[in-house]
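In our numbering, the protein residues as written are 829 to 1058. Glycine included, each C-beta is placed from N, C-alpha and C at the ideal position. No experiment lies behind these values; they were computed from the predicted model shown. Here the structure is laid out as structure tokens; the discussion comes afterwards.
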């Protein structure tokens, strides 16, 4: 399986379950859905649960292209096996409380080429979503490319992937990325050291007057037992 961060198109999906249904959703993915995704040409990149959540699943797929994604989803939804699994999983009521949220993403030119950290080794993943100030996305990218990523590694944070949404309006100003920490405590120490680093302060000052982005959304996540991060 090719888990290269440079696959053509990525899809970030967020599921919210009805109360008490998260374990049932995990079972459906573990026993059926992930294999059916691969059958229909979708690559499983990783599956996570936000820290402390009892109703949310976040995962990333990769596709050869946007057109390939549409064909894959069509084949998946019409697969008799999936239709039987879906029906059986809803005997006691629907698992999801609302429709899944989906965002298509494309890798930045600075996303790492190395393989992702293996979920079986534990640790914490952190999804961060930035909205750049108007006209500042290019400068935000440059700061990550030229400075931030190296400083993350210096302070114990592993760069996994950096993406831009493919569709407007998010494509104009959003950056999504995922990094890895050894633990929640390590994450806190790493961020503290990063923010205090003179090299970071100099890079931030040199990148321009004022903020390049709003304060980011940050979600700490743990990989599920069926996550196929490699």
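Three-state secondary structure assigned by DSSP to residue 961: coil
Contact set for residue 983: own chain, Cβ-Cβ below 6 angstroms, skip 5 residues either direction: 1018, 1021, 1022
Contact under 8 angstroms by Cβ, residue 925 with residue 846: yes
Cα-Cα separation between residue 969 and residue 933, rounded to whole angstroms: 15 angstroms
Same chain only: Cβ atoms within 7 angstroms of residue 897, ignoring 5 sequence neighbours per side: 837, 839, 891
Output the residue ranges of the beta strand (DSSP E) runs that lie fully inside the segment 911-954 and measure 3 residues or longer, sorted by chain position. 929-935
Under the three-state DSSP convention, the category residue 845 falls into: strand
Count the other C-beta atoms from every protein chain shown that fall within 10 angstroms of the C-beta of residue 877, then say buried if there are 16 or more, exposed otherwise. buried
Hey, out of 938, 853, 885, 958, whose CA is closest to residue 1050's CA? 885
Going along the chain, which residues of its own chain have a beta-carbon closer than 6 angstroms to the beta-carbon of residue 856, five neighbours each way excluded? 917
Rounded distance between the beta-carbons of residue 938 and residue 990, thought under 8 angstroms: 6 angstroms
Quick check: what's the CA-CA separation for residue 980 versus residue 951? 16 angstroms
Does the beta-carbon of residue 942 have 16 or more other beta-carbons within 10 angstroms, so that it is buried, or is it exposed? exposed
Find out if the Cβ-Cβ distance for the pair residue 864, residue 907 is shorter than 8 angstroms. yes
For residue 1001, is the classification buried or exposed, using 16 other Cβ atoms within 10 angstroms of its Cβ as the cut-off for buried? buried
Buried or exposed: which applies to residue 1040, given that a residue is buried once 16 or more other Cβ atoms fall within 10 Å of its Cβ? buried
Where the alpha helix (DSSP H) through residue 850 begins and ends: 850-856
Would residue 954 pass as a contact of residue 888 if the rule is Cβ separation under 8 angstroms? no
For residue 956, the residue or residues it bridges with in DSSP: 1005, 1046
Are residue 1024 and residue 975 close, meaning C-beta to C-beta below 8 angstroms? no
Quick one: what does DSSP say residue 881 is sitting in, helix, strand or coil? coil
In this structure, how does DSSP classify residue 890 when only helix, strand and coil are distinguished? strand
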